[in-house]
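S.K.: Residue numbers (the UniProt record's numbering): 1 to 528.
In this text, a Cβ means the ideal position worked out from N, Cα and C, and glycines have one as well.
Computed from a prediction, not measured in an experiment: that's the story for all the values here.
Take a look at the following structure, please.
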């Protein structure tokens with residue numbers, strides 16, 4: 001049985017769904033369910049409450065549920081909301097990306113038994129190693145400065161899974177490059193991020209004996225942002241749900257599919273929703289936007305979706321501002337005019353309530369320069385950020401948040417930090433070993449508690465205390481270790497984040513004192 005406080009928290013919030021028939025229907029669903037969630041429709045709240053109910057009422061430990069979402073930022077948002085209900089990631093609850101699920105719960109436990117043609121023990125290529133091997137293999141095949149792009153290669157590998165098919169050879173140059181690159185990876189004993197998902201689906205599709213093992217651990221699978229997750233996950237989902245006895249709860253919106261360049265396809269979500277053995281629920285009430293914006297969005301779609309604003313009397317304004325001197329002019333105007341006006345428009349509003357969205361990291365550089373010149377602190381999430389958000393760097397940030405005062409209020413939860421730390425260990429830990437490692441982490445974090453400390457000093461102490469010894473024994477974390485190195489370098493003297501203190505590091509996913517700078521794609525699924 002769940003703790004009484006957990007039950008009270010999720011039941012109290014679930015009572016709020018009574019006024020929204022779509023949310024309530026999704027919450028009450030008992031079989032396979034696909035939730036088609038329009039913009040601003042409260043889909044994350046619905047998903048979180050559904051997960052809470054599943055863990056409280058539908059499964060009993062050690063069985064549990066897995067929740068897969070698109071990015072580490074989305075996973076962190078779900079984790080925060082579940083922690084507010086007293087729940088955390090634990091051995092019977094996985095919250096993470098499709099790559100993390102395939103690595104931890106498919107390839108690591110079953111890949112060697114299935115004799116998959118990848119090197120064991122698994123070692124994941126760092127971003128630097130992957131880029132080097134891509135460049136070298138491409139140059140050997142086509143010569144330097146060839147016209148083929150890595151992004152097209154990635155899409156081909158992710159979307160054409162049958163290497164014997166006509167579709168694979170239809171892009172002859174990309175197929176040859178992919179095979180040469182993968183051979184180079186294997187020669188160095190490596191897999192990359194795409195391999196995790198490609199071989200994860202191969203394991204599920206080709207080996208019947210894996211299905212009952214996955215179902216025994218995770219009888220329920222939830223998927224967030226389904227429209228952005230691609231063909232490989234779609235095959236995994238269909239096999240587990242319709243042949244493996246796993247109950248499915250999927251949330252998405254085909255209209256919001258913006259990752260086609262990676263191989264994602266919103267039609268896959270609609271294929272699921274059209275099945276007779278799946279209950280389809282539509283969320284049509286928009287809590288984010290006023291009537292004017294909701295109506296304008298349907299005009300842009302050119303199709304009727306039946307969306308409506310939760311408050312029909314709320315007035316909205318769409319203002320157009322001419323900035324004739326290009327992107328630099330737009331950024332300066334935003335910093336000098338829009339941000340101060342927005343801050344003054346509502347009592348209590350902070351920089352953390354405001355986001356500037358842009359197309360790519362090049363535009364982000366222009367925006368960051370203007371924001372810096374305007375004297376604002378900011379958090380940046382794009383490919384030019386000092387380090388990439390991965391499970392390890394997000395965990396370090398959350399450890400900083402706990403040590404900087406979060407321990408007083410239990411946000412984040414210490415038990416959750418311990419469980420995430422234990423999950424980084426590839427080998428299954430027995431109870432005594434897990435308890436000992438949890439105690440070691442607790443002692444270290446307790447000793448590192450402080451309200452004022454340079455973030456660099458905290459990260460160095462955490463690494464020296466536990467993290468570096470962990471990374472030395474876990475080759476599967478080598479890609480994440482690279483991002484931790486980037487984080488450490490950025491926080492060091494002369495680095496891009498050298499002035500950051502422990503409190504600011506702990507708030508880099510939602511600090512009220514920092515403006516949010518994100519690409520359109522990075523902002524997906526986040527609540528500013």
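Using C-beta distances below 8 angstroms, list every residue in its chain close to residue 118, excluding the 5 sequence neighbours before and after it, in chain order.
M.R.: 107, 111, 186, 191, 195, 199
S.K.: So with Cβ pairs under 8 angstroms, would you call residue 395 a contact of chain C?
M.R.: Judged by its chain identifiers, the structure shown contains no chain C, having just a single protein chain.
S.K.: Helix, strand or coil: how does DSSP classify residue 319 here?
M.R.: Note: residue 319 maps to coil in three-state DSSP.
S.K.: Going by the beta-carbon positions, is the gap between residue 228 and residue 78 smaller than 8 angstroms?
M.R.: no
S.K.: Find the nearest neighbour of residue 47 within the set 61, 39, 442, 81, judged by alpha-carbon distance.
M.R.: 81
S.K.: Rounded to whole angstroms, what's the CA-CA distance from residue 512 to residue 137? Just pull it up for me.
M.R.: 45 angstroms
S.K.: Since residue 396 contacts residue 33 with CB under 8 angstroms, what's their CB separation in whole angstroms?
M.R.: Actually they do not touch by this definition, with Cβ atoms about 36 angstroms apart.
S.K.: If you drop the 5 nearest sequence neighbours on each side, which residues of the same chain put their C-beta closer than 8 angstroms to that of residue 184?
M.R.: Same-chain partners within the cutoff: 133, 136, 137.
S.K.: Mapping the DSSP letters down to three states, classify residue 2 as helix, strand or coil.
M.R.: With a pLDDT of 45 at residue 2, under the threshold of 50, the modelled position of this residue cannot be trusted; read the value that follows with caution. Correct three-state label for residue 2: coil.
S.K.: CA-CA distance, residue 374 and residue 340?
M.R.: 11 angstroms
S.K.: Report yes if the C-beta distance between residue 252 and residue 287 is below 8 angstroms; otherwise report no.
M.R.: no
S.K.: Hey, quick one: how far does the alpha helix (DSSP H) through residue 110 stretch, first residue to last?
M.R.: No alpha helix (DSSP H) contains residue 110, which DSSP labels as neither H nor E.
S.K.: Under the three-state reduction of DSSP, which class applies to residue 73: helix, strand or coil?
M.R.: helix
S.K.: Please determine if the region 452 to 460 and the region 405 to 422 are in contact, where contact requires at least 3 C-beta pairs separated by less than 8 angstroms.
M.R.: no
S.K.: Excluding five sequence neighbours on each side, which residues of the same chain lie with their C-beta closer than 7 angstroms to the C-beta of residue 502?
M.R.: Taken in chain order, the residues that qualify are 400, 403, 404, 450, 453, 455, 458.
S.K.: Leaving out the 5 sequence neighbours to the left and right, which residues in its chain are closer than 6 angstroms to residue 361 when beta-carbon positions are compared?
M.R.: Answer for residue 361: 382, 383, 384, listed in chain order.
S.K.: Are residue 517 and residue 364 touching if we call contact CB-CB under 8 angstroms?
M.R.: yes
S.K.: Could you pull out every residue in the same chain whose Cβ sits closer than 7 angstroms to the Cβ of residue 128, ignoring the five residues on either side in sequence?
M.R.: 482
S.K.: For residue 310 and residue 56, I'd like the C-alpha separation in whole angstroms.
M.R.: 30 angstroms
S.K.: Taking 7 angstroms as the cut-off, is the beta-carbon of residue 456 closer than that to any non-hydrogen atom of the ligand COA?
M.R.: For the structure depicted, the ligand COA is absent and the ligand set is empty, with no information on it obtainable.
S.K.: Report yes or no: do three or more beta-carbon pairs, one from the region 170 to 180 and one from the region 138 to 145, lie closer than 8 angstroms?
M.R.: Between the region 170 to 180 and the region 138 to 145, the count of Cβ pairs shorter than 8 angstroms is three or higher; the stretches touch.
S.K.: Please say whether residue 213 and residue 476 have beta carbons closer to each other than 8 angstroms?
M.R.: no
S.K.: Okay, do the region 437 to 450 and the region 458 to 474 touch, 3+ Cβ pairs below 8 angstroms being the bar?
M.R.: Here the region 437 to 450 lies against the region 458 to 474, with 3 or more beta-carbon pairs under 8 angstroms apart.
S.K.: Kindly indicate which three-state DSSP category residue 519 falls into: helix, strand or coil?
M.R.: In the three-state scheme derived from DSSP, where H, G and I count as helix and E and B as strand, residue 519 is classed as strand.
S.K.: Identify the continuous alpha helix (DSSP H) that holds residue 199 and give its terminal residues.
M.R.: 193 to 206
S.K.: Whose C-beta lies closer than 8 angstroms to the C-beta of residue 101 among residues of the same chain, with five residues either side of it excluded?
M.R.: 66, 68, 94, 200
S.K.: Straight-line CA distance for residue 246 to residue 217?
M.R.: 10 angstroms
S.K.: I need the straight-line Cα distance from residue 30 to residue 36, nearest angstrom please.
M.R.: 17 angstroms
S.K.: Is residue 365 helix, strand or coil when you go by DSSP?
M.R.: helix
S.K.: Hey, out of 27, 38, 497, 23, whose CA is closest to residue 257's CA?
M.R.: 38
S.K.: Is the distance from the Cβ of residue 505 to the Cβ of residue 498 below 8 angstroms?
M.R.: no
S.K.: What is the rounded straight-line gap between the Cα of residue 507 and the Cα of residue 379?
M.R.: 9 angstroms
S.K.: Let me confirm a value: residue 237 is counted as buried when at least 16 other C-beta atoms fall within 10 Å, else exposed. Which label applies?
M.R.: Counting of Cβ neighbours within 10 angstroms places residue 237 among the buried residues, the total reaching 16 or more.
S.K.: Consult DSSP for residue 307 and reduce its assignment to one of helix, strand or coil.
M.R.: Looking at residue 307 - three-state DSSP - the assignment turns out to be coil, as it is neither helix nor strand.
S.K.: For residue 294, is the classification buried or exposed, using 16 other Cβ atoms within 10 angstroms of its Cβ as the cut-off for buried?
M.R.: buried
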